[in-house]
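Asker:
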Amino acid sequence: APIPSLTLNNGVAIPQLGYGTYKLPPQDTRDLVLAAFEAGYRHVDTAQMYRNERQVGEAVAASGVPRDELFVTSKLNNAFHAYDEAHAAFDRSLDDLGLDHLDLFLIHWPLPAVGRFLEAWRALEEIYRSGRTRAIGVSNFQPHHLRRILDEGTVVPAVNQVEVHPWFGNEEVRAFDADHGIVTEAWSPLGRGRVLDDPTIARLAADHGRTPAQVVLRWHVQRGDVVFPKSATPSRIAENAEVFDFELSGDDMAAVTGLDRAERTGSHPDTEN
Ligand code: NAD
């Protein structure tokens, strides 16, 4: 089944499922992104900090998929929150990717100890207005960080990309996003693979004749979040996109949501810097 899109707060369509590229082996990244395109993915999530924008760009160029059918996201490296550096870093991303525009550009972490995300956001707003990215957003922003952007910025972020998976529902942030027209993107949607052995997920997988990864991704999709699972195995890359031809019941959804144990796999946004 084809991958559906959601509509961001500026009218831009985003495929609800994409391909995550964090920690892919650099020498394989080009071919793995091409495998994702072959499996029907049209959305790729990369970042300056992943050091693979060049390989992602090579795959885009080699794919033969028209640029306007692809959705490419990158993120500002933590070192470059200063206004001038944010502008220069964005230019380098376009250069490394070999593109004339991005679809989405994010501030990767708020870095409250650095205290310059509003400055970075001003640069992103200008980049957005210049037409070099179709949308801008943030990542790892808690409601109190978002509040400052909403109060002092001039563009409402299109997305907030945060950790979400069955062991970390992140409900407060998701609710804040939803209340402000911000789409939540769920990073580490499989909890880096750790949630896949959970017995409740195994039971639901058996009930539906699906794999545990498909059950977890379907749960995210039915909650309305955007997901981009990462795998370096072509058969799993294809498997992870086949989640639009079955449905979890209300009870199934509640069973997965009930696994929440407030367990992060990554850093806390207030202390990462
Ligand atoms: P993930 O939750 O997607 O898990 C990936 C791991 O799950 C794989 O390495 C593999 O071990 C396992 N896996 C994947 N598919 C499987 C399958 N079908 N069957 C069995 N096991 C399977 O983890 P992730 O890579 O951390 O997150 C996905 C993407 O989210 C990243 O690649 C990146 O694009 C993004 N991300 C963003 C941030 C951020 O700060 N903004 C942080 C982490 C990740």
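Position one of the sequence shown corresponds to residue 3 (UniProt numbering), numbered consecutively onward. We put the CB at the ideal spot given by N, CA and C, even for glycine.
Please classify residue 260: is it buried, with 16 or more other beta-carbons within 10 angstroms of its beta-carbon, or exposed?
Answerer: Translated into the one-based positions of the sequence shown, residue 260 becomes position 258. Answer is exposed; the Cβ neighbour count stays below 16.
Asker: Measure how close the beta-carbons of residue 161 and residue 152 come, nearest whole angstrom, since I'm counting them as under 8 Å.
Answerer: In the sequence shown, the residue the question calls residue 161 occupies position 159. In the sequence shown, the residue the question calls residue 152 occupies position 150. Not confirmed; about 14 Å, so no contact.
Asker: Unbroken alpha helix (DSSP H) runs of length 4 or more, entirely within the region 13 to 63: which are they?
Answerer: 28 to 40
Asker: Pull up the distance between the alpha-carbon of residue 253 and that of residue 132, whole angstroms please.
Answerer: As a position in the sequence shown, residue 253 is number 251, starting the count at 1. As a position in the sequence shown, residue 132 is number 130, starting the count at 1. Straight-line Cα distance between these residues: approximately 47 Å.
Asker: Say whether the region 75 to 82 touches the region 46 to 55, bearing in mind that this needs 3 or more beta-carbon pairs closer than 8 Å, one atom from each stretch.
Answerer: As far as the Cβ criterion goes, the region 75 to 82 touches the region 46 to 55, which means the pair count is three or higher.
Asker: Look at the alpha carbon of residue 71 and the alpha carbon of residue 16, and state the distance between them as a whole number of angstroms.
Answerer: By one-based count along the sequence shown, residue 71 stands at place 69. By one-based count along the sequence shown, residue 16 stands at place 14. Residue 71 and residue 16: Cα-Cα distance of roughly 10 Å.
Asker: Starting from residue 224, trace the alpha helix (DSSP H) both ways and give me its first and last residue.
Answerer: Counting from one through the sequence shown, the residue named residue 224 turns up at place 222. It spans 214 to 225 - the alpha helix (DSSP H) in which residue 224 sits, taken as one unbroken run.
Asker: Between residue 167 and residue 191, is the Cβ-Cβ spacing less than 8 Å?
Answerer: Mapped onto the sequence shown, residue 167 falls at position 165. Mapped onto the sequence shown, residue 191 falls at position 189. Cβ atoms of residue 167 and residue 191: closer than 8 Å.
Asker: Is it the case that the Cβ atoms of residue 258 and residue 202 are separated by a distance below 8 Å?
Answerer: Locating residue 258 in the sequence shown gives position 256, counting from the first residue. Locating residue 202 in the sequence shown gives position 200, counting from the first residue. In this structure, residue 202 lies closer than 8 Å to residue 258 by Cβ.
Asker: Residue 226 to residue 184, Cα distance in whole Å?
Answerer: Your numbering for residue 226 matches position 224 in the sequence shown. Your numbering for residue 184 matches position 182 in the sequence shown. Just so you know, the alpha carbons of residue 226 and residue 184 end up roughly 11 Å apart.
Asker: Do residue 114 and residue 142 have their C-beta atoms closer together than 8 Å?
Answerer: In the sequence shown, the residue the question calls residue 114 occupies position 112. In the sequence shown, the residue the question calls residue 142 occupies position 140. For residue 114 and residue 142, no; Cβs fall outside 8 Å.
Asker: Please report the distance separating the alpha-carbon of residue 13 from that of residue 241.
Answerer: Locating residue 13 in the sequence shown gives position 11, counting from the first residue. Locating residue 241 in the sequence shown gives position 239, counting from the first residue. Each residue's alpha carbon lies about 29 Å from the other.
Asker: Name the residue from 233, 38, 178 and 44 whose alpha carbon lies nearest to the alpha carbon of residue 105.
Answerer: Looking up residue 105 in the sequence shown gives position 103. If we check each option's Cα against that of residue 105, 44 comes out closest.
Asker: Have a look at residue 39 and residue 28 and give me their C-alpha separation to the nearest angstrom.
Answerer: Sequence index remark: in the sequence shown, residue 39 carries index 37 (1-based). Sequence index remark: in the sequence shown, residue 28 carries index 26 (1-based). Cα to Cα, residue 39 sits roughly 18 Å from residue 28.
Asker: Is residue 245 helix, strand or coil by DSSP?
Answerer: As a working note, residue 245 is residue 243 in the sequence shown. Residue state, collapsed to three classes: coil.
Asker: Measuring CB atoms only, is the region 264 to 271 touching the region 208 to 221, in the sense that at least three cross pairs come out at less than 8 Å?
Answerer: The answer is no - the region 208 to 221 does not touch the region 264 to 271, with fewer than three Cβ pairs under 8 Å.
Asker: Sorted by chain position, which residues of the same chain lie with C-beta nearer than 6 Å to residue 138's C-beta, five sequence neighbours on each side aside?
Answerer: Within the sequence shown, the letter at position 136 stands for residue 138. Closer than 6 Å at the Cβ level, and outside the excluded window around residue 138, lie 107, 126 and 130.
Asker: Beta carbon of residue 230: closer than 7 Å to some heavy atom of the ligand NAD?
Answerer: Your numbering for residue 230 matches position 228 in the sequence shown. Yes, Cβ of residue 230 sits closer than 7 Å to a heavy atom of the ligand NAD.
Asker: Bridge partners for residue 119 per DSSP, in chain order?
Answerer: Walking along the sequence shown from the start, residue 119 turns up at place 117. Note: residue 119 sits in no beta bridge, so no partner.
Asker: If you drop the 5 nearest sequence neighbours on each side, which residues of the same chain put their C-beta closer than 7 Å to that of residue 171?
Answerer: For the purposes of this step, residue 171 is taken as the residue at position 169 of the sequence shown. Answer for residue 171: 259 and 262, listed in chain order.
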